[in-house]
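Working notes, beginning with the structure itself.
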Amino acid sequence: MKLSDLRYDLSIIASWIEPGSRVLELGCGEGDLLHWLKKEKAVKERGIEIQESKVEKCIEKGISVLQGDINEEIEDYPDNTFDYAICSQTLQQVFEPRGLIHSMMRVAKKGVVSFPNFGHYRVRMQLALTGRAPVTKELPYSWHDTPNIRVLSLLDFKKFTEDAGVKIFKQAAINTKGNQRQGRRVTVLPNLFATYGIFLIGKE
Amino acid sequence: MSEYTDSSRPGRTVGLVEKKTFTFAGPPDRLRLESGAEIGPVTLAYETCGTLNPDKTNAVLVLHALSGDSHVAGYYDPKDAKPGWWDIMVGPGKGIDTDQYFVICSNIIGSCCGSTGPASVNPETGKEYGTRFPVVTIGDMVEAQKALLDHLGIDTLLSVIGGSVGGMQVLEWCARFPERVRSAVPLATTSRHSALAIAFNEVARQAIMADPNWNEGHYYSGKKPDMGLAIARMIGHITYLSDESMRLKFGRKLQNRSALSFEFGAEFQVESYLQYQGKKFIERFDANSFLYITKAADYFDLARQYGSGSLVKAFSRCRAKFLVVSYTSDWLYPTYQSREMVKAMKKNDLDVSFCEIDAQWGHDAFLLPNERLDHLMAGFLKGVSDEIE
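Taken in order, these protein sequences are the chains called H and Y. Numbering-wise, our numbering puts 29 at position 38 of the first sequence, and it's gapless, one number per residue. Each number in our numbering corresponds to the 1-based position in the second sequence with 888 added.
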């Protein structure tokens, strides 16, 4: 499997993971990232996913996954069980993000967090010009039915890491196309032009 | 636990299979049981399907539940009305694919389907053991299965798989012989019975022992405690269903009548169903075996046995890769009991997958056709096989 077989944001995360490491993914969906990492980087993989049908898809791929709530399941692991804890496009749906990142830093040496950027210019324009809560491709729900209860911008996350005493080792601001399979890095004014942010974080 | 449900699906089968037996612990040897008692010789009835590969790395041991037997799949005779009890799962291209794996299933000791149990003749007396048969545990059942594997020349099992009381044997295998088990699939099971589960078993046992024909367990030359055993089975069947499945299956529908009779016959469909299940059961099962196996299940306590009360400590012995599966409507061994196991496995950094399957059919769900379970099983086993290569 090639790196380009993965969705663009996942391919960036995959490129950051050291071969042979121990990886926990919170909200691993159908297990595409873990499957790739297991095959190509021989990682020892663990996933947590709440939806039964997605759990089935993961196990069919031969990866180890637990059906359950990420906030609860992460607590059972002893300290430093993993090299990486990944939370890909899920943080914005977590009720207590600070607690979850704290747990990620407890069970793993490093964390990877990615989320849709609420500072993107289209989000800003919608609110500014129409006066209504933004609905975008990356955050496609209405205010009343959205699972994305913790929308944040890239700058918000940087400020958060400073306050929480978490160090950012790597970061990628990206712009993806419709189905998210392809994309490119954003270097100019990322908080305005990136649709997603990806961060590799760790303890100070 | 109600093997031989009426749910067989058409499809490919392993075809004809043979009921084999293996006898060990003959004089001068004896099998020493957990209670300290000794018995011998011990016979196990077993069945195999598929082909053992030259490296002997593709053996899967399937463990049956309370009332099951060694006939896991296929047919003894082309004219048989029904295949083995898990034919929907075990066969070519099925969840446990017999084109890939060598499947072994043996009848547990204490049972009555070809393996040594209370209905067997005690060679010392020339009469059936009856209740002189020593109390056996889940550990004793596994110890006997290990003797069978030694006999078959199989050192390491690719997987041990079983539901309910079969799942208890799976857990016991992982703790007792960790170096011989590569992976394990405990389905719809528990690491120890709740008071609720023990309570139902005790009522069932009391029903048998209250039958005047039971005669302290020595009934083999006279009338059998059929009524007691039938009631015990009826109680069991209630615990295998769920409120929802009973509502859907029976509701308050009447059997072969349109109005209440104001008599005590079986009027409601649910009554008729339970009576039918009871009646069917006495034709194939021994009442004493029911007493012994339910007792073994009640005694089973992985944490007490291997962890001085700590399930985390108990699992620290295990090495297997696990797939734990529970069912949403199983109130006999509810999901929280599976989650307790998973939690203890995680604390030991064991490789565990867990899935709670949404099913309305109660505890019995693990024996019913379910594509999700087929996929989970096939994917998990393939993953384990791939890791060997």
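Glycine included, every Cβ here is placed at the ideal spot set by N, Cα and C.
Query, Result
"For S1003 (chain Y) and L1036 (chain Y), the rounded distance between their alpha carbons", "12 Å"
"For Q171 (chain H) and M116 (chain H), the rounded distance between their alpha carbons", "22 Å"
"Cutoff 7 Å; reference K1235 (chain Y); Cβ partners in own chain excluding five residues on either side", "V1200"
"8 Å Cβ cutoff, V1230 (chain Y) in contact with chain H", "yes"
"Sub-8 Å separation of C993 (chain Y) and V960 (chain Y) beta-carbons", "yes"
"Rounded C-alpha distance that separates N1089 (chain Y) from G1124 (chain Y)", "8 Å"
"L1264 (chain Y): contacting residues in chain H (beta-carbon distance under 9 Å)", "V46, E47, I50, E51"
"First through last residue of the beta strand (DSSP E) which encompasses L1075 (chain Y)", "1071 to 1075"
"C1001 (chain Y) in three-state terms, based on DSSP", "coil"
"Backbone CA spacing between L183 (chain H) and E16 (chain H) [nearest angstrom]", "28 Å"
"For S994 (chain Y): DSSP bridge partner residues", "Y:Y934"
"Contact list for E153 (chain H) against chain Y, beta-carbon separation under 7 Å", "Within chain Y, no residue comes near E153 (chain H); the closest Cβ sits about 32 Å away, beyond 7 Å."
"Nearest-angstrom Cβ-Cβ length linking L143 (chain H) and F86 (chain H), presumed shorter than 8 Å", "Actually they are not in contact, since the Cβ atoms of L143 (chain H) and F86 (chain H) sit about 14 Å apart, beyond 8 Å."
"DSSP bridge partner residues for K174 (chain H) (one or two, in chain order)", "Position check: residue 174 (chain H) holds Gly in this sequence, whereas Lys was assumed. Answer by DSSP bridge pairing, in chain order: H:T167."
"Residue from H:Q162, H:K161, H:V177 whose Cα sits closest to the Cα of K168 (chain H)", "H:V177"
"Nonlocal neighbours in the same chain, by C-beta distance under 6 Å from K1141 (chain Y), ignoring five residues either side", "Q1157"
"Contacts of V56 (chain H) in chain Y (Cβ-Cβ under 9 Å)", "S1241, F1242, C1243"
"Reduced DSSP category for L15 (chain H) - H, G, I as helix; E, B as strand; rest coil", "strand"
"Alpha-carbon to alpha-carbon, K128 (chain H) and T1182 (chain Y)", "57 Å"
"Pick from Y:L1117, Y:L1269, Y:E1012, Y:S1196 that is closest to V1091 (chain Y), judged by C-alpha positions", "Y:L1117"
"Within chain Y, the residues that P69 (chain H) reaches when beta carbons sit closer than 8 Å", "K1235, D1237"
"For R(-2) (chain H), three-class secondary structure by DSSP", "coil"
"8 Å Cβ cutoff, E129 (chain H) in contact with chain Y", "no"
"Rounded straight-line distance, which links the Cα of P929 (chain Y) to that of A1095 (chain Y)", "31 Å"
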